[in-house]
Each structure stands twice: as structure tokens, then as C-alpha cells.
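Quick mapping for you: the protein sequence lines, in order, are chains A and B.
All residue numbers for the first sequence refer to my numbering, where the first residue is 8 and numbers rise by one.
All residue numbers for the second sequence refer to my numbering, where the first residue is 9 and numbers rise by one.
Ideal Cβ placement from N, Cα and C applies to all residues, glycine included.
On a predicted model such as this, the values are computed, not experimentally measured, just so you know.
In what follows, a structure is listed as C-alpha cells, so that the remarks can point back to it.
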Amino acid sequence: MTTIDPTDSLPAEDRPYHETVEKGHHWRTGDDEFDGGKFGMWLFLATEVLLFAGLFCGYAIMRMKYPEAFANGSHYLDWRWGGLNTLVLLYSSYTIAAAIRHTQLGNKAAARINLIITWFCALAFLVVKLFLEYIPKWGEGKRPGVLFDYAYAQDPMEPMWWSLYYVATGIHASHVIIGMGLIGWLIVRNEMNRYGPKNYLAVENVGLYWHIVDLIWIFLFPLLYLIH
Amino acid sequence: MTTVDTHAGPADHGGGHHGSYLASRGSLWADIRNWATTVDHKKIGVMYLFAVLFMFFLGGVMALALRLELLEPVRTITTPDGGAEVTGQRLGPLFGAEGAPANNIYNRAMTLHGAIMVFMFIVPGIPASMGNFFMPIMIGAKDVAFPRLNLASWYIYVAGSLFALASALVGGVDTGWTFYTPYSTMTDADHWRLVAMILGVFIMGFSSILTGLNFVVTVHKLRAPGMGWFDMPLFVWAIYATAIIQVLATPVIGITTLLLIFERLFNYGLFDPRMGGDPVLFQHFFWFYSHPVVYIMILPAMGVISETITCHARKKIFGYRAVAFSSLGIAAVSFLVWAHHMFTSQGELTAAIFSFLTFLVAVPTAIKVFNWIATLYKGSIVFNTPMLYTMGFLFLFTIGGLTGLPLATLSTDMHLHDSYYVVAHFHYVMFGGTVIVLLAALHHWWPKMFGKMYWEPGAQMGFWLVFLGFNVTFFIQFIMGAHGMPRRYASYPDEYQWMHVISTVGSWMLLAGFLAHLFTLVYSLMAGRPASANPWGGLTLEWHTDSPPDEHNFASEPIVKHGPYDYDSVVPPHTEPDEFPLPDEPYRH
Ligand code: HEM
Ligand SMILES: [Cu+2]
């Protein structure tokens with residue numbers, strides 16, 4: 008069933024695609040569907056927060072047990088790379104918000120460019136993480152748990168620090184990768200005219216997801232790089 | 009309440025433009041394709057029902073095998089020629105692994121039984137099958153909020169189950185369903201079995217989160233016009249509270265299982281004491297999810313009981329709001345009590361606090377039980393199968409609940425911890441809470457789901473076999489446990505044997521009971537009497553549509569005009585349930 012906005016006088020065949028999309032027939036109105044979709048997304052974000060909350064609990068407890076190791080550990084991280092990544096993610100949060108706004112206003116081209124910038128920011132984040140942090144550190148023997156092989160460790164518990172570092176940033180990075188997939192999907196569908204002032208729920212929801220990925224990094228950055 | 013759009017009476021149905029949701033698409037292939045890609049919550053509910061019952065069957069086979077092993081202890085007998093012969097080791101040959109030590113094999117079977125029952129049967133059990141089918145109908149919706157997500161949840165559940173079962177095929181794990189570290193991270197070299205099992209649990213967790221999220225949004229956004237929060241049937245309240253727990257607790261098991269998998273694969277040490285990790289941390293994470301899981305199982309069951317008790321006693325529920333809020337209350341408290349599983353690994357003060365919090369759960373639970381009893385008072389009770397199971401639930405749950413008190417009390421728990429007393433207690437709660445209530449729900453809603461009446465005498469015989477068989481199997485275990493028989497051992501001193509024999513014979517009675525039910529239900533599908541729209545004279549919305557329901561649930565959107573339990577004002581006196589006329593006059597409580 009096609010839901011047609013009664014206030015709109017254009018016949019269905021003359022409208023842009025996004026105004027004639029299939030609405031779930033079980034929703035009473037398009038507004039209900041929109042609210043439901045947003046509500047569902049917020050609930051999902053709550054589960055993401057809880058997932059990371061578990062990780063932060065583990066961090067807090069191990070930090071309490073081995074403060075020395077954690078202090079040493081964060082000295083090995085270069086705050087400049089972390090800071091660069093923070094900037095990249097913050098900027099991408101801005102661009103995806105702009106993409107939402109432009110979709111609402113019907114500026115397809117502006118939405119396109121903002122989505123593409125967001126995608127490349129995500130890529131930049133991963134490049135920094137992988138090539139400037141993970142690979143060199145791994146090579147020096149700063150590895151998690153039993154793999155730890157760094158000759159100049161100052162505290163016997165340093166492997167624990169690296170374990171948490173890799174697990175926390177690794178799970179976060181997997182979220183960045185998923186986000187890239189979602190943003191890529193938005194880019195493709197934006198080209199197919201799927202979005203517009205009356206149909207921007209998917210853009211907004213992916214935007215919310217991307218903000219949470221950003222937000223979690225904003226917590227990880229000081230916890231791992233800045234606090235000694 | 010804007011438009012007035014009456015639902016058609018039962019007699020008007022049949023000639024409508026939609027067909028039953030069960031209607032065939034023509035060819036077998038078309039039917040299969042239609043079911044595999046359906047987004048209809050009813051079909052998905054039925055698909056969950058069959059998946060879950062299949063898992064129950066697998067878990068049940070494991071249970072029977074365990075009891076068979078326990079029929080006699082493993083004894084080493086000296087043969088006349090001076091050699092030694094081992095008797096009583098029954099599971100070894102069953103798994104084709106005679107060489108392996110008996111207890112190891114036993115514990116693998118036990119883990120598989122526990123993990124199947126908890127993660128693949130209890131958790132999705134009532135919410136995903138009955139909740140999917142009936143919750144949207146009971147609030148007058150056409151479907152759940154996100155139908156495609158709903159179908160995806162089912163596939164995710166199946167995929168997760170396959171992972172977990174694959175682990176069993178290559179030998180299984182013997183950690184128990186709790187996967188406690190450090191044992192689970194060190195136990196043997198072949199870690200893929202453990203990884204597969206835990207990955208399965210992780211994947212199923214996703215399915216659970218998505219179902220819960222879907223249900224919360226559905227209840228908030230898709231209620232029919234005229235249905236306020238306090239016009240919702242209590243089953244819907246229960247499913248709603250369950251969904252909240254699913255959304256809030258499951259992410260924690262998500263991160264726990266992920267961390268455990270990493271620990272197993274990379275030995276990174278977070279839970280490994282040899283490397284400075286903390287195994288008790290794992291226990292905290294684990295129980296922060298797994299205690300609420302107990303309520304994921306019991307809340308929907310309580311919702312079912314509120315439906316069956318009012319419907320088959322034809323009484324207005326006593327204290328509607330109290331019952332509704334107690335569901336939310338139980339959901340809230342369930343998050344505060346996890347550490348009572350760890351009394352033996354924590355300080356006294358912490359233990360005392362968690363002991364106190366645990367007692368708190370008794371308050372909302374007691375509110376429910378007293379309200380049900382008050383509802384039964386002066387009701388015109390019909391003792392059909394759903395009602396028998398409802399009574400059975402009240403009985404078993406009372407025993408299960410009361411025997412929990414000694415476990416929630418620090419001093420007595422020290423003695424009973426990890427004994428058969430615990431095994432008896434949790435079976436009374438879990439079996440009494442899920443299996444018994446699923447059977448109540450199945451018989452209560454069977455006519456609606458499949459349009460056929462089940463065979464009452466056969467089903468009642470099934471009830472008595474299950475009920476008695478259950479008590480024979482598990483009651484004696486309280487005594488066994490109090491005498492000191494520890495859990496998770498395949499062998500035991502001879503003095504316990506007579507009790508184990510009784511318990512094992514009970515498990516065969518249970519088997520007979522389940523077979524009786526299987527028979528009557530399959531028989532009803534093939535040759536049952538067609539069910540009318542409202543065979544029990546119920547007032548909730550699902551009885552206001554065809555049996556089986558129309559593809560779109562209702563011929564037109566229902567407008568709620570009376571409360572779900574207004575039996576006193578709606579039902580004409582002295583009518584047979586079967587000929588109960590649907591009320592048409594607009595009123596609400
Ligand atoms: C059909 C009747 C059943 C029988 C005969 C049975 C028997 C057993 C036995 C012998 C054990 C091992 C006890 C031990 O050594 O610690 C066990 C454990 C367990 N059972 Fe059952 N069971 C049955 C049904 C169920 C059901 C319906 C559920 C859940 C709804 C369930 C959940 C569990 C759990 C969670 C464990 C603990 C496993 C572990 O410790 O890892 N059982 N059962
Ligand atoms: Cu508990």
C-alpha cells in the first residue's frame with residue numbers, strides 16, 4: 008500500500024521517488040512510522056552504551072588493581088595520534104549532521120558530498136589506528152596478554168594494559184567499520200533518490216549511530232591516552 | 009476513540025476478502041518460500057514455536073541421558089580372574105567415547121542440556137513464540153513495529169543455535185552452561201568447541217535484543233485506538249517488562265561472551281588469574297545478565313497465568329494495576345540481585361546486601377500470587393487443561409520460590425551451594441515456570457493458533473503424567489541435596505542410589521507425559537474439531553477475530569470498548585463459553 012500525504016496534490020506518478028515509497032501497512036500514519044523508527048534506534052543505542060559500559064567496568068577494575076601498569080601503559084601511547092583521531096571523528100560527526108540537514112532540505116548534492124566526507128573521515132580514522140598505532144606497536148612487542156614481548160616493560164602487569172587497549176579500541180574500530188558500511192549504503196541510496204524531506208529516517212538513524220561511535224571514542228581517548 | 013469501527017462477530021466471518029494466515033499458496037514450494045520470507049508476526053511466532061519445541065526435544069533427550077547415567081553409580085568391580093571391570097558407565101558408549109573419563113562425558117552432556125535449555129529454550133520460549141503471535145493481536149495491531157527485523161531475529165536465533173550445536177557435534181564443552189573462568193579458558197587445547205558454543209550464545213543474544221526492541225516499540229506505538237496503557241491485557245504488560253530486560257541485560261552478556269572468546273583465542277588475561285586477571289569479574293558480568301534471564305523466563309509465564317486464570321475462571325482480575333506494576337517491579341529488582349550467585353566468592357557485607365536485595369523480589373512476586381488467588385476466589389472455574397496447568401504452576405512455583413529462600417540466605421547457602429538441592433530448586437522454578445506454563449499457553453491458545461480444538465481427555469492425561477512425573481523426578485533431589493549429594497558428578501556413594509533411581513523413573517514418566525501431549529496436539533491438527541472464534545469466552549482482543557486469525561489479524565481495525573477482564577459486566581450469566589456472544593456496546597472499565 009502506498010501512503011500518500013493527503014495535503015499533497017501532485018499525482019503519485021509525478022512525485023519524486025522518496026515521496027511514494029512503500030510504508031509498512033501496519034502503521035497508522037507515516038508519522039507513527041517515523042517516531043517508531045527513531046524510538047527503536049534510541050533503544051538500540053542504549054544497548055550499545057551498555058555493551059561498552061561492560062568494557063569500561065573491566066577497565067576501571069583493572070586500573071584499580073594495577074595503577075602502575077596503567078600509568079606506564081598510557082605513556083607508551085602517543086596522544087597526538089589519538090588527538091588526531093578525535094578531531095577526525097568530531098569533524099565527521101559534524102558532516103553527517105549536515106548530511107541529515109541537507110536531506111531534510113532536499114539538497115541531494117550537498118547531502119552526497121557530506122556523506123562522502125564522513126566516509127573518508129572514517130577511513131582516515133582506521134588508517135591512523137592501523138598503520139600508525141597497531142602495526143608499529145605490535146612490531147615492538149607491545150601486544151596483549153601472553154603475546155606481550157616488549158623488552159623494556161617497567162611493570163609486570165603491562166600486558167594487561169595492552170590487552171585492554173587492544174580489546175577496547177578493537178571493538179570500537181569494528182563499530183567504525185560497520186559505520187562505514189552503513190554510510191556507504193546511504194551514499195548509494197541517496198543517488199537512487201531514496202531520501203528527501205519526507206523520507207530521511209534512515210539518514211537520521213545512521214547519523215545517530217555515527218554519533219555514538221564518536222561519543223565512545225571521546226570516552227576512550229582520555230581514558231587510554233590522557234590519564235596517567 | 010475517534011472512529012467507531014466494530015469488529016465483526018464470529019458468525020460474520022469466513023466470507024471476507026482475506027484468508028486465514030495459514031492458508032496455502034498453492035504449491036508446496038510456494039508455501040515454503042512464503043513461510044521462509046514471511047514478515048507476518050503470526051507465522052514468525054509459529055516458526056519460533058517449532059524451533060523452540062525442537063530445542064526442548066534436544067535438551068530433553070540430553071536430560072534423559074543424564075538421568076540414565078545417574079541410575080547407578082560407576083563402580084569398579086574385581087572380576088574372578090583378578091582384573092577390574094567398570095560398571096554403571098552408561099553415557100560413554102552413548103557418545104562413542106568409551107575411553108574418556110565418565111565424569112567428563114557426563115559434564116559435556118550436562119552442559120549441552122543446560123545451555124540448550126537456557127539459551128535456546130527458556131529465553132526465546134514464551135516471549136518469542138506466544139509473544140510474537142499474540143502480543144500484537146492483543147493490542148489490536150496489524151503487526152509488530154519492525155516486521156522484517158522480526159524475521160531477521162528468527163534467522164539469527166537459528167544461526168546462533170547452529171553454532172552452539174555444532175560445538176556439540178565436535179565433542180562439546182564440559183564447563184557447565186555458566187562457562188566459568190578460569191576453567192573455561194584453560195580446560196583443553198581444542199578451544200574451537202568452546203568458541204563455537206560461546207559465539208552461538210553471542211549471536212542468540214543479538215536475536216534476543218532485536219526481539220525485545222521490536223516489542224517495546226510495538227507496545228508504545230501500535231496500540232489500537234482506545235487502548236490506553238491500563239487497557240492492555242496483562243500478558244502484554246508482562247511481555248513489555250520482559251522486553252525491557254532483554255534490551256537492558258543482553259548487551260552485558262554480549263560483551264562478556266566477546267571478552268571470553270578473546271580470552272580463549274588470544275589468552276589476553278582479563279579473566280585469567282595467572283596473568284593478573286580476575287575470574288570473579290567474569291562471574292559478575294555473567295550473572296548481571298543471567299539473573300535477569302530468570303525473569304525473562306518467569307515474567308512472560310506470569311503474564312500467561314494472568315490470562316488463563318481470568319479466562320477459565322471467568323473472573324475479573326483482582327488488582328489489575330498491582331499485577332501490571334509488579335511486572336515492572338520484578339524487572340527493576342532483577343537487575344540488583346545478580347551477586348547472590350556468588351556468595352561463596354565475596355565479602356560478608358556485600359553478601360549480606362545482596363541477600364537482602366534478593367528477598368525484595370519476593371514482594372512483587374507475592375503481589376501477583378495473592379492477586380491470582382483472590383481472582384480465583386468465587387470464580388466459576390473450568391478445570392480444563394490450561395487451568396490444570398495454571399494450578400500446577402502455582403503449586404510448583406510456590407515450592408520453587410520457598411526453597412529459594414534458604415539459598416538467598418547466606419548461612420544456609422554455604423551448606424546447600426552446588427548440591428542437588430540447587431538442582432531441584434532451579435528445576436522447580438525453571439521447569440515449573442517455563443515448561444508448565446508453555447503447556448498452559450499452548451493449550452489455551454491452540455484453538456486460536458491452528459483453528460482446531462485439542463482432545464481434552466488426552467491432554468488431561470498428559471497433564472497428570474507431566475505433573476506427577478515432574479514431582480517424582482525433582483522433589484527427592486531436595487532431600488538428596490540436603491544430605492550432601494553434590495551436583496555435576498556422574499558418580500556418587502551407594503547410599504544415594506535409591507533416590508537417584510526414583511528420580512530417573514520420574515524422568516520416564518515425564519517422557520510419557522510429553523509424548524501424550526505430542527500425540528493429542530498432532531491428532532488435533534489432523535482430525536480435531538474446528539474451533540469457534542471464541543471457544544473459551546475470553547474478552548481479550550485475540551478472541552475477537554477468527555480462529556485461526558485472518559492474515560491481517562482483524563477484518564477492520566478494532567476499537568477497544570471494554571477492559572480485557574470485565575467478565576462481571578460483559579459476560580451474560582449462565583452462557584456456555586462456546587456460545588458466548590461478543591459484546592458490541594461501547595464501554596470500558
Ligand atoms: C525433562 C526433565 C529434565 C530432567 C530429567 C533434567 C535433568 C537434569 C540433570 C540430571 C541435570 C544435571 C544436574 C547436575 O549434575 O548438576 C540438569 C541440569 C540442568 N537443567 Fe535439567 N532436566 C530436565 C529439564 C530441564 C528444563 C526444562 C530446564 C530449563 C527450562 C532445565 C535446565 C537445567 C539447567 C540450567 C541445568 C544446569 C546445567 C549446568 O549446571 O550447567 N532442565 N538437569
Ligand atoms: Cu539469581
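ask   = Exposed or buried, which one is G27 (chain B) when buried takes at least 16 other CB atoms within 10 Å?
value = Your numbering for residue 27 (chain B) matches position 19 in the second sequence. Label assigned to G27 (chain B): exposed.
query = Per DSSP, I85 (chain B) forms a beta bridge with which residues?
reply = As a working mapping, residue 85 (chain B) is identified with position 77 in the second sequence. Note: I85 (chain B) sits in a beta bridge opposite B:E93.
F439 (chain B) CB to nearest heavy atom of ligand 4 below 6 Å = This structure lacks ligand 4; its bound ligands are ligand 1 and ligand 2.
query = Per DSSP, which one or two residues make a beta bridge with N561 (chain B)?
reply = Within the second sequence, numbered from 1, the residue matching residue 561 (chain B) stands at position 553. Beta-bridge pairing links N561 (chain B) to B:D558.
key: Straight-line Cα distance separating D221 (chain A) from L97 (chain A)   = Against the first sequence, residue 97 (chain A) aligns to sequence position 90. Against the first sequence, residue 221 (chain A) aligns to sequence position 214. Rounded to whole angstroms, the separation of the alpha carbons of D221 (chain A) and L97 (chain A) is 7 Å.
inquiry  = Please classify K386 (chain B) as buried or exposed, where buried requires at least 16 neighbouring CB atoms within 10 angstroms.
reply    = The residue you call residue 386 (chain B) lines up with position 378 of the second sequence. Label assigned to K386 (chain B): exposed.
S577 (chain B): first and last residue of the uninterrupted alpha helix (DSSP H) it sits in = Residue numbering aside, residue 577 (chain B) sits at position 569 when the second sequence is read from its first letter. Per DSSP, S577 (chain B) is one residue of the alpha helix (DSSP H) stretching across 575 to 578.
request  = Give me whichever residues DSSP pairs with K460 (chain B) in a beta bridge.
outcome  = Residue mapping note: residue 460 (chain B) aligns to position 452 of the second sequence, counting from 1. Under DSSP, K460 (chain B) forms a beta bridge with B:P538.
task = Assign V530 (chain B) to one of two classes, buried (16 or more other C-beta atoms within 10 Å of its C-beta) or exposed (fewer than that).
result = By one-based count along the second sequence, residue 530 (chain B) stands at place 522. Exposed, because fewer than 16 other Cβ atoms sit within 10 Å of the Cβ of V530 (chain B).
ask   = Of all Cβ atoms in chain B, is any one closer than 7 Å to the Cβ of M48 (chain A)?
value = Looking up residue 48 (chain A) in the first sequence gives position 41. It does not; no Cβ of chain B falls within 7 Å.
query = Measuring CA to CA, which of B:W506, B:P394, B:S298, B:S532 is closest to E80 (chain B)?
reply = In the second sequence, the residue the question calls residue 80 (chain B) occupies position 72. Ranking the options by Cα distance to E80 (chain B), first place goes to B:W506.
task = Could you tell me which residues DSSP puts in a beta bridge with P494 (chain B)?
result = Residue numbering aside, residue 494 (chain B) sits at position 486 when the second sequence is read from its first letter. Looking at the DSSP assignment, P494 (chain B) forms a beta bridge with B:S427.
ask   = chain A beta carbons: is any one of them nearer than 7 Å to that of G277 (chain B)?
value = Within the second sequence, residue 277 (chain B) is the residue found at index 269, counting from 1. At a cut-off of 7 Å between beta-carbon atoms, G277 (chain B) makes contact with chain A.
Bridge partners - G1 (chain A), DSSP secondary structure assignment = It is not possible to answer for residue 1 (chain A), since the shown part of chain A is limited to 8 through 235.
task = Give the secondary structure of S499 (chain B) by DSSP, where H, G and I count as helix, E and B as strand, and everything else as coil.
result = In the second sequence, the residue the question calls residue 499 (chain B) occupies position 491. Here S499 (chain B) carries a coil assignment [DSSP, helix/strand/coil].
key: Proximal residues of chain A, C-beta to C-beta of F293 (chain B) below 9 Å   = One-based indexing of the second sequence puts residue 293 (chain B) at position 285. What F293 (chain B) touches in chain A: G61, C64, G65.
task = Evaluate I304 (chain B) with the Cβ neighbour count: other Cβ atoms within 10 Å of its Cβ, from every protein chain shown; 16 or more gives buried, anything less gives exposed.
result = The residue given as residue 304 (chain B) occupies position 296 in the second sequence. The residue in question, I304 (chain B), is buried, as its Cβ has 16 or more Cβ neighbours within 10 Å.
request  = With hydrogens ignored, establish whether the beta-carbon of M118 (chain B) is closer than 6 Å to any heavy atom of ligand 1.
outcome  = Here residue 118 (chain B) corresponds to residue number 110 of the second sequence, with the count starting at 1. With a cut-off of 6 Å, the C-beta of M118 (chain B) is classified as near ligand 1, since at least one heavy atom of the ligand falls inside that distance.
Sequence-distant residues of the same chain with beta carbon closer than 8 Å to H433 (chain B), five excluded per side = Looking up residue 433 (chain B) in the second sequence gives position 425. So the list reads G408, T411, G412, L415, F486, once near-sequence residues are dropped.
ask   = Should R35 (chain A) be counted as a contact of ligand 1 given a C-beta to heavy atom distance under 6 Å?
value = Taking the first residue of the first sequence as 1, we reach residue 35 (chain A) at position 28. Every heavy atom of ligand 1 is 6 Å or more from the Cβ of R35 (chain A), so no.
request  = Find the residues of chain B that neighbour S81 (chain A), judging by a C-beta separation of less than 8 Å, and give them in chain order.
outcome  = Along the first sequence, read from residue 1 onward, the residue named residue 81 (chain A) stands at position 74. Near S81 (chain A) there are no residues of chain B at all, since even the closest Cβ is about 17 Å away, more than 8 Å.
Beta-carbon proximity list for I194 (chain A), same chain, < 8 Å, skipping 5 on both sides = Looking up residue 194 (chain A) in the first sequence gives position 187. Correct list, in chain order: R119, L122, I123, W126.
task = Give, in chain order, every unbroken run of the alpha helix (DSSP H) that is at least 4 residues long and sits entirely within the stretch 119 to 189 of chain B.
result = Counting only unbroken stretches of 4 or more residues, the alpha helix (DSSP H) elements lying wholly within the stretch 119 to 189 of chain B are 140 to 146, 155 to 177, in sequence order.
key: Sequence-distant residues of its chain with Cβ nearer than 7 Å to G262 (chain B) (five each side left out)   = As a position in the second sequence, residue 262 (chain B) is number 254, starting the count at 1. Within the same chain, Cβ atoms closer than 7 Å to the Cβ of G262 (chain B) are found at F210, G213, the five residues on either side in sequence being excluded.
ask   = Looking at the structure shown, is S32 (chain B) part of a helix, part of a strand, or coil, going by DSSP?
value = What you label residue 32 (chain B) is simply residue 24 of the second sequence in a count that begins at 1. In the three-state DSSP reduction, S32 (chain B) falls in the coil class, being neither helix nor strand.
ask   = Less than 6 Å between the CB of L473 (chain B) and some heavy atom of ligand 1, yes or no?
value = Locating residue 473 (chain B) in the second sequence gives position 465, where the first residue counts as 1. No, Cβ of L473 (chain B) sits at least 6 Å from all heavy atoms of ligand 1.
inquiry  = Would M9 (chain B) pass as an interface residue toward chain A - the criterion being a Cβ-Cβ separation below 7 Å?
reply    = If you number the second sequence from 1, residue 9 (chain B) lands on position 1. Any answer about M9 (chain B) is weak, because its pLDDT of 27 lies below 50 and its placement is not dependable; what the coordinates show is given next. Not a single C-beta of chain A is nearer than 7 Å to the C-beta of M9 (chain B).
Backbone CA spacing between L52 (chain A) and Y216 (chain A) [nearest angstrom] = Counting from 1 along the first sequence, the entry for residue 52 (chain A) is found at position 45. Counting from 1 along the first sequence, the entry for residue 216 (chain A) is found at position 209. Near 7 Å, if we compare the C-alpha coordinates of Y216 (chain A) and L52 (chain A).
message = So, at 7 Å on beta carbons, what are the nonlocal neighbours of H109 (chain A) in its own chain, with the 5 sequence-adjacent residues on each side left out?
response = As a working note, residue 109 (chain A) is residue 102 in the first sequence. The answer, listed in chain order, is A117, A118, N121.
inquiry  = Any heavy atom of ligand 2 closer than 6 Å to the beta-carbon of H82 (chain A)?
reply    = By 1-based counting over the first sequence, the position of residue 82 (chain A) is 75. Not under cutoff, so the answer is no.
Top-ranked residue by Cα proximity to L230 (chain A), from A:G31, A:E55, A:D38, A:Y66 = Here the question's residue 230 (chain A) lines up with position 223 in the first sequence. Across the set A:G31, A:E55, A:D38, A:Y66, the C-alpha of A:Y66 shows the shortest separation from the C-alpha of L230 (chain A).
query = V255 (chain B) touches chain A at which residues, Cβ-Cβ below 8 Å?
reply = Residue 255 (chain B) sits at position 247 when you count from the first residue of the second sequence. By Cβ distance, chain A contributes L50, A53, T54.
task = With DSSP collapsed to three states, give me the class of H199 (chain B).
result = Counting from 1 along the second sequence, the entry for residue 199 (chain B) is found at position 191. DSSP, read as helix, strand or coil, puts H199 (chain B) in coil.
key: DSSP state of Y191 (chain B) mapped onto helix, strand, coil   = The count along the second sequence starts at 1 and reaches residue 191 (chain B) at position 183. Helix, per DSSP.
ask   = What are the boundary residues of the alpha helix (DSSP H) that includes M310 (chain B)?
value = Counting from 1 along the second sequence, the entry for residue 310 (chain B) is found at position 302. M310 (chain B) -> alpha helix (DSSP H) spans 287 to 321.
task = Give, in chain order, every residue of the stretch 363 to 387 of chain B whose Cβ lies closer than 8 Å to some Cβ of chain A.
result = Cβ contacts with chain A: none found.
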